[in-house]
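Enquirer: Numbering (my numbering), first residue to last: 436 to 669. For each residue, glycine too, the CB sits at the ideal point set by N, CA and C.
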Amino acid sequence: MKKRLLAVLSGVALGVGLILAFTSPPDVLQGDFVRILYIHVPSAWLAFLAFGVTAAGSIGWLFTRRMSWDRAAEASAEIGVLFTAIALATGMIWGKPVWGTYWDWGDARLATTAMMFFVYLGYLALRRTTTDPRLRARRSSVLGAVAVVQVPLVYFSVKLWRTLHQGLTIRPDGIQMDGAMVAALMANLAAFTLLYATLLIYRTALARIEEAAASERAPARSPVTVPRLGEAEA
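1. For residue 551, does the count of other Cβ atoms within 10 angstroms reach 16, so buried, or fall short, so exposed?
2. Since residue 539 sits in a beta bridge, which residues does DSSP pair it with?
3. Taking the alpha helix (DSSP H) that residue 462 belongs to, which residues open and close that run?
4. Counting pairs of Cβ atoms below 8 Å between the segment 481-495 and the segment 580-590, do you hit three or more?
5. If you draw a straight line from the alpha carbon of residue 384 to that of residue 566, how long is it in whole angstroms?
6. Have a look at residue 465 and residue 491 and give me their C-alpha separation to the nearest angstrom.
7. Alpha carbon to alpha carbon, how far is residue 617 from residue 507? Give it in angstroms, no decimals.
8. Distance check for residue 539 and residue 546, CA to CA, integer angstroms please.
9. Of the choices 510, 496, 511, whose alpha-carbon is the least far from that of residue 504?
10. Kindly indicate which residue of 502, 444, 455 has the alpha-carbon position closest to the one of residue 643.
11. Closer than 8 Å by C-beta to residue 559: which residues in its own chain qualify, once you throw out the five before and the five after it? Chain order, please.
12. Considering only the beta carbon of each residue, do residue 649 and residue 568 sit closer than 9 Å?
13. If we count Cβ pairs, one from each stretch, closer than 8 Å, do we get three or more for the segment 569-577 versus the segment 466-473?
14. Give me the residue from 647, 635, 621, 639 with the minimum Cα distance to residue 449.
15. CA-CA distance, residue 461 and residue 562?
16. Note down, in chain order, each residue of its chain lying with its Cβ closer than 7 Å to the Cβ of residue 438, except the 5 sequence neighbours on either side.
17. What residue does the alpha helix (DSSP H) around residue 518 start on, and which one ends it?
18. Are there 16 or more other CB atoms within 10 angstroms of the CB of residue 627, so buried, or fewer, so exposed?
19. Rounded to the nearest angstrom, how far is the Cβ of residue 580 from that of residue 493, given a contact under 8 Å?
20. Would a check of beta-carbon distances place residue 507 closer than 9 Å to chain C?
21. For residue 527, which of 475, 463, 594 has the nearest alpha-carbon?
22. Determine the direct distance from the alpha carbon of residue 645 to that of residue 639, and round the result to whole angstroms.
23. Taking the alpha-carbon positions, what's the residue 481 to residue 570 distance?
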């Protein structure tokens, strides 16, 4: 019941965010292309959040060996990879009219985000190399804990290297946007966070079911010995 309620709240929040995104004023310089950022920025935020949870789940498994930590790490990584892809795609769509190109490897934010995307794809691929849940957790937990260093690298890349990408929109001294645009952005950030929580709960529950089904199909570790005829009589 709680999962369904969270799913409904996520849907309502996404609807409100979408309405605000389309009714907010256009940007002075970017015009209506700024509306792409109401999907792009929350997707990037959600990816950062998801990979942070993956790191926490991986560290939790290393210290406790509880499989619930590993399931959360895997589920969150899958969600993070999905929304990193969305962030990259929407960034490319936005970049074409604003920068004049879909992609530029010389841009630090693009390059570091792409690197993060492929590292977490590698994390998921590593988990597919075995069907043993504990062996899978042991192999991937170290990578899941270490790979999170890319999150601050991606976030601060626009400060470390001045390339094509615009600077930080949300800064300690305030948000560099019009009030109505801030409301639309905040609404979508909240909606995407609710969506993340919903997806994480459902995907973790599915992972638990998958593990239970796999353990039922797994063969016994020791073969059953059947006595030969004559041996039983002896």
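Expert: So, from the listed chains and residues:
1. buried
2. Per DSSP, residue 539 has no beta-bridge partner at all.
3. Run containing residue 462: none; DSSP gives neither H nor E here.
4. yes
5. Only positions 436 to 669 of the chain appear in the structure, and residue 384 is not among them; the question remains open.
6. 38 Å
7. 31 Å
8. 8 Å
9. 496
10. 502
11. 509, 512, 513, 516
12. yes
13. The segment 569-577 is not in contact with the segment 466-473.
14. 621
15. 44 Å
16. 636, 637
17. 502-534
18. buried
19. 4 Å
20. Given the protein chain composition of this structure (a single chain), no chain C is represented.
21. 475
22. Residue 639 and residue 645 have their C-alpha atoms some 10 Å from each other.
23. 28 Å
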